[in-house]
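A.B. asks: Residue numbers (the numbering used here), protein chains in the order written: chain A, 1 to 169; chain B, 1001 to 1525.
Built from N, CA and C at the ideal position, the CB exists for glycine as well.
Submitted below is the structure of interest, expressed as structure tokens.
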């Protein structure tokens, strides 16, 4: 126990400050919903992440948002276990046809008002996989998308800026 | 039977029972062709001779289907092939002998319409509802676009195994899970909290990787291979590039091989750090999760600073690598290694002495060595259950052929074993990275590409962080890919999860699953 406490003390707080993105950065993030969102969310958002066919690269970086460097919860952004608790669906991957109904049902299960963020190049445009017998391609081909965070995979910083952009006043 | 000539002895055994083998030398591997009716008999003899079933896939050529299986012993691989007609594509199943071949044969059944006679479980596997029963996506006459419905219906009527009796109930989980993880379906039969049976239903993230690989050029295939499983981007790209390079007769420069080794070991360390944290997190020991995710982040930042990508995507390319290492970068890596060593020397004793962790990880999720062997489990899953195999040591390739390292091995087979094997592998990887850096001499990092002859084929085998990765490549004319089949270690490790969760309680399933950490995407393709 002492070793454990010692290590915690030695490590200290490593969390880094992150700036809310500026207007031109928001433009680059492709945010179609504007500032009224913040009122709806009252300063915090609950996210349900849905892997609809990703290679799991995006998941690794979304995971990193919870590590002590980024600690995204301090901004009131937290990940929830059910779409019924969520304001935002964070969808990765080209949507595989085998996941199409599951994604549609997850979307339907999310209460209004809700927003969909497509994360990664595959979710944005189909990426390396495109539209085939097995893949529907971009998330927008299946459910309405409000915002796109591109990258293969997007870095935690890009993800963070994108999500803070949702809450910018 | 000595280690070097088991093939000679085995061939004479085959001859004794009347199995005629046509031997065809391929680059880097020997191909044995037999008559299709003897497919199962070959497997029976292979089992007696203690060969490991490593991989299976099919190929379509006009009126014929090539059925392939790969076996290994003492680091020597043999590619077995039988040819059947598309008019009557059937041959006796090897899954009756090797449980490891089960899902692979079901994949070939769904994708090519191969009928494996006597298969113990011929339910559909990769196919859900995205294509019809009598359509076979990997046959050449099936269009890439397919004939999908506007909305693909859910796979509702899959015949899961049922349990009946007083107090027995069923728990369906997924495909959308509660955490930030990939989709898949688990069907539990339980009494109280005890798991009586677990059945996996995967292929939710089937993206048609094998189909869209066809017609690509080598660079494009390497990019696709890097996205088979994002956490194994280095491993899969290396395996695919090795296969293509062998088929084309391209020799990569020594410096490129060392850099590939550094990239692969860095990927191993990053993933093991993440897994060790996640295993602890699944039993609510958050201290370790925070420490390990912090160390992983440090490690990934060094990746970004040195190689320009946190997960090292697209750094391996056909003929070599796309990134060089300056002296300053090498110093940065060396510094990161000593920092990580120091941190781990403080964290591991705190983890080791923690009784709550001990309570949850020891004896839980037990995988017996004989079951681990029967399913051909690989990497840390196999090595935590006494399966002493590592491609880097047993079938070494550059740069591992010039390096000495210890392969981690445990035989307790529980979650704690899989945790500690990962820790030992981190230590070995850190040593290897240091060794590779010390071996670097000035030189090229990219060899000139040569267009391979149409029909050239080869098998690229490397040790990824999850275990042995196998990539099969055949070229068509004009540098185009005719067939690509990547075998992620998860394909062999997933079935072991159904076994190691038995007699555990349902709340321990997440940590059992994490200790194995199969890739859904790498399995579903």
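Please decide whether residue 1133 of chain B counts as near chain A, where near means a Cβ-Cβ distance under 7 Å.
C.D. replies: Not an interface residue.
A.B. asks: I need the boundaries of the alpha helix (DSSP H) containing residue 1131 of chain B, first residue and last residue.
C.D. replies: Careful: residue 1131 of chain B lies outside any alpha helix (DSSP H) and carries neither H nor E.
A.B. asks: Residue 112 of chain A touches chain B at which residues, Cβ-Cβ below 8 Å?
C.D. replies: Per Cβ cutoff of 8 Å: no residues; residue 112 of chain A is ~19 Å from chain B at best.
A.B. asks: Can you tell me the Cα-Cα spacing of residue 1248 of chain B and residue 1317 of chain B, whole angstroms?
C.D. replies: Whole-angstrom Cα-Cα distance: 14 Å.
A.B. asks: Between B:1351, B:1362, B:1202, which lies nearest to residue 1123 of chain B when the distance is taken from Cα to Cα?
C.D. replies: Among B:1351, B:1362, B:1202, the Cα nearest to that of residue 1123 of chain B is on B:1202.
A.B. asks: Measure the alpha-carbon distance for residue 1373 of chain B versus residue 140 of chain A and round it to whole angstroms.
C.D. replies: Answer to the nearest angstrom: the Cα atoms are 45 Å apart.
A.B. asks: Looking only at its own chain, which residues have a Cβ that is under 7 Å from the Cβ of residue 1408 of chain B, when we skip the five neighbours before and after it?
C.D. replies: 1383, 1421, 1424, 1425, 1428, listed in sequence order.
A.B. asks: From which residue to which residue does the beta strand (DSSP E) around residue 1029 of chain B run?
C.D. replies: That run of the beta strand (DSSP E) goes 1029-1033.
A.B. asks: Return helix, strand or coil for residue 1459 of chain B, following the three-state DSSP convention.
C.D. replies: In this structure, residue 1459 of chain B counts as strand in the three-state DSSP scheme.
A.B. asks: Since residue 1423 of chain B meets chain A, which of its residues come closer than 9 Å, beta carbon to beta carbon?
C.D. replies: Those within 9 Å of residue 1423 of chain B in chain A number zero; the least Cβ separation is about 16 Å.
A.B. asks: Report the option in B:1027, B:1042, B:1025, B:1035 whose CA atom is closest to the CA atom of residue 1011 of chain B.
C.D. replies: The shortest C-alpha separation from residue 1011 of chain B is found at B:1042.
A.B. asks: Quick one: using the 10 Å Cβ neighbour count with 16 as the cut-off for buried, is residue 153 of chain A buried or exposed?
C.D. replies: Its Cβ being crowded by 16 or more others within 10 Å, residue 153 of chain A is buried.
A.B. asks: Using a Cβ-Cβ cutoff of 9 Å, what residues of the region 90-102 of chain A are near chain B? List them in chain order.
C.D. replies: Answer in chain order: 90, 93, 94, 96, 97, 98, 99, 100, 101, 102.
A.B. asks: Taking 6 Å as the cut-off, is the CB of residue 1431 of chain B close to at least one heavy atom of the ligand HEM?
C.D. replies: Ligands are entirely absent from the displayed structure, and the ligand HEM is therefore not among its contents.
A.B. asks: Which complete beta strand (DSSP E) runs does the region 1088-1112 of chain B hold, if anything under 3 residues is left out?
C.D. replies: Fully enclosed beta strand (DSSP E) runs of 3 or longer: 1090-1092.
A.B. asks: What does residue 1224 of chain B touch in chain A if you count any residue whose Cβ is under 8 Å from its own?
C.D. replies: Within 8 Å Cβ-Cβ: 128.
A.B. asks: Would you say residue 1081 of chain B and residue 1068 of chain B are within 7 Å of each other, going by their C-beta atoms?
C.D. replies: Closer than 7 Å, so yes.
A.B. asks: With 7 Å as the limit, tell me which residues of the region 1187-1206 of chain B have their beta carbon closer than that to any beta carbon of chain A; keep them in chain order.
C.D. replies: Listed in sequence order: 1203, 1204, 1205, 1206.
A.B. asks: Determine, using beta carbons only, whether residue 55 of chain A comes closer than 7 Å to chain B.
C.D. replies: Chain B contact via Cβ: present.
A.B. asks: May I ask you to verify whether the region 99-106 of chain A touches the region 50-59 of chain A, counting CB pairs closer than 8 Å and requiring at least 3?
C.D. replies: Touching, per the Cβ criterion.
A.B. asks: Report the residue from B:1262, B:1267, B:1293 whose alpha carbon sits nearest the alpha carbon of residue 1276 of chain B.
C.D. replies: For residue 1276 of chain B, the nearest C-alpha among the options comes from B:1293.
A.B. asks: With 8 Å as the C-beta to C-beta threshold (strictly closer), list the residues of the region 1270-1297 of chain B near chain A in chain order.
C.D. replies: Within the region 1270-1297 of chain B, the qualifying residues are 1274, 1287, 1290, 1291, 1293, 1294, 1296, 1297.
A.B. asks: Please identify the residue among A:85, A:73, A:158 whose C-alpha is closest to the C-alpha of residue 112 of chain A.
C.D. replies: The residue with the shortest Cα to Cα distance from residue 112 of chain A is A:85.
A.B. asks: By Cβ distance below 8 Å, which residues in the same chain neighbour residue 1303 of chain B in space, the five residues on each side in sequence not counted?
C.D. replies: Around residue 1303 of chain B: 1266, 1270, 1309, 1310, 1311, 1312.
A.B. asks: If you count every other CB in all the chains shown that lies within 10 Å of the CB of residue 1335 of chain B, and 16 or more means buried, which is it?
C.D. replies: Exposed: under 16 other Cβ atoms inside 10 Å.
A.B. asks: Identify which residue in B:1063, B:1155, B:1100, B:1183 has its Cα closest to the Cα of residue 59 of chain A.
C.D. replies: That would be B:1183, whose Cα lies nearest to the Cα of residue 59 of chain A.
A.B. asks: Could you name the residues of the region 6-20 of chain A whose beta carbon sits closer than 9 Å to any beta carbon of chain B, in the order they occur along the chain?
C.D. replies: Listed by position along the chain: 6, 7, 8, 10, 11, 14.
A.B. asks: In chain order, what residues of the same chain have a beta carbon less than 8 Å from the beta carbon of residue 33 of chain A, not counting five sequence neighbours either side?
C.D. replies: Residue confidence is low: residue 33 of chain A scores 48 on pLDDT, short of 50, so the model does not pin down where it sits. Its coordinate-derived value is still stated next. So the qualifying residues of the chain are 115, 146, 147, 166.
A.B. asks: Starting from the N-terminal side, write out each stretch of the beta strand (DSSP E) that is 3 residues or longer and does not extend beyond the region 1312-1360 of chain B.
C.D. replies: Here no run is fully enclosed.
A.B. asks: So, at 6 Å on beta carbons, what are the nonlocal neighbours of residue 163 of chain A in its own chain, with the 5 sequence-adjacent residues on each side left out?
C.D. replies: Cβ neighbours of residue 163 of chain A beyond the five flanking positions: 77.
A.B. asks: Quick check on residue 1209 of chain B: does DSSP put it in helix, strand or coil?
C.D. replies: Helix at residue 1209 of chain B.
A.B. asks: Determine, using beta carbons only, whether residue 971 of chain B comes closer than 7 Å to chain A.
C.D. replies: Shown here, chain B extends from 1001 to 1525; a query on residue 971 of chain B therefore has no answer.
A.B. asks: At 9 Å on the CB atoms, spell out the chain A contacts of residue 1128 of chain B, in chain order.
C.D. replies: Neighbours of residue 1128 of chain B on chain A, chain order: 97, 98.
A.B. asks: Apart from the five residues on each side of it in sequence, which residues of its chain come closer than 7 Å, Cβ to Cβ, to residue 1128 of chain B?
C.D. replies: So the list reads 1155, 1203, once near-sequence residues are dropped.
A.B. asks: Between residue 1210 of chain B and residue 1138 of chain B, what straight-line distance do the alpha-carbon atoms span, to the nearest angstrom?
C.D. replies: Going from the Cα of residue 1210 of chain B to the Cα of residue 1138 of chain B covers about 8 Å.
A.B. asks: Under the assumption that residue 1457 of chain B contacts residue 1391 of chain B (Cβ atoms under 8 Å), give the Cβ distance between them as a whole number of angstroms.
C.D. replies: Not confirmed; about 20 Å, so no contact.
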